[in-house]
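These notes are about the structure you will find just below.
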Amino acid sequence: MPTGTERLDLLISDRRIRARVTALARRIDADYHGRKLSLVVVLKGAFMFAADLARQIGIPWTIDFISAASYGEGTRSSGTVAIEGLDRLELGARDVLVIEDILDTGRTSAAILDALLQRGPASLALCTLLRKPAARALDLPARYVGFDIPDDFVVGYGMDYAERYRNLRGIYRLVLDGSSA
Ligand code: IMP
Ligand code: MG
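All letters in the sequence shown, in the order written, are residues 490 to 670 by my numbering.
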């Protein structure tokens with residue numbers, strides 16, 4: 490457990506987030522016009538982004554939720570990805586857009602996309618609010634990226650550190666002093 494102090498530095502203001510979410514929604518409207526858009530939200534971190542994005546999308550959509558956990562208590566990936574909720578999905582002939590909070594190593598999204606592909610969607614793409622440098626190099630179909638960010642641990646706007654800070658309206662860099670978490 491961290492014993493030092495935690496500091497939050499603003500990285501992306503809520504104003505910038507709102508503008509970017511609106512721009513992404515306009516692109517999704519244009520790209521998926523006349524198609525059967527199915528949003529698949531990856532809980533928990535993407536819930537706030539998904540709610541704001543979905544309400545800005547003008548074309549009809551359906552929505553489902555899955556959950557993926559690759560992080561334990563701290564800020565490091567555990568390397569294993571547990572996905573829940575896949576069995577409930579009915580994706581046949583739908584154009585699936587996966588909504589993610591953040592691509593770090595990209596392992597979580599890769600596992601999710603693999604699992605969804607096996608369910609035979611008409612098309613499959615990814616929309617992520619944030620992307621870290623390691624994921625930029627990967628061959629993931631990240632069709633929509635909100636912001637490319639540095640390799641820092643971030644919280645806010647749905648994203649947590651040990652289940653805290655999800656309520657913040659902006660996105661903050663979490664700086665841990667005197668701790669190896
Ligand atoms: P990946 O599998 O390494 O790409 O990790 C993806 C998941 O880890 C994301 O969907 C987040 O839930 C979590 N994650 C990665 N980086 C951060 C971060 O900086 N803050 C909060 N959660 C993160
Ligand atoms: Mg996540």
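Cβ coordinates follow ideal geometry from the N, Cα and C atoms, glycine included.
As the structure is a computational prediction, the values presented were derived from the model and not from experiment.
Between Y661 and I506, the C-beta gap is not smaller than 8 Å, which leaves the two residues out of contact.
In the three-state reduction of the DSSP assignment, P610 falls in the strand class, which pools E and B. Considering only D576, R577 and G534, the residue with the shortest C-alpha distance to A651 is G534. Bounds of the alpha helix (DSSP H) holding L513 are D503 to D520.
Set against 7 Å, the gap from the CB of V529 to the closest heavy atom of the ligand IMP is not smaller. With fewer than 16 other beta carbons inside 10 angstroms of its own, E579 counts as exposed. In this structure, L619 sits away from V644, with a CB-CB distance that is not shorter than 8 Å.
Contact annotation: I591 and T551 have beta-carbon atoms that are not nearer than 8 Å.
Within the model, the alpha-carbon separation for D541 versus A512 is close to 12 Å. Within a 10 Å sphere around the beta-carbon of P610 sit 16 or more other beta-carbons, which makes this residue buried. Shown here for A508: not one same chain residue has a beta carbon closer than 8 Å to its own, the five before and five after excluded. Contact between the segment 591-604 and the segment 623-639 is established, with three or more Cβ pairs separated by less than 8 Å.
For F636, no alpha helix (DSSP H) run applies; the uninterrupted beta strand (DSSP E) run containing it begins and ends at A631 to D637, by DSSP. If you compare the alpha carbons of R504, A582 and H522 with that of L606, the shortest gap goes to A582. For S598, the shortest C-beta to heavy atom distance toward the ligand IMP is below 7 Å.
Per DSSP, the continuous beta strand (DSSP E) segment holding D584 begins and ends at D584 to L592.
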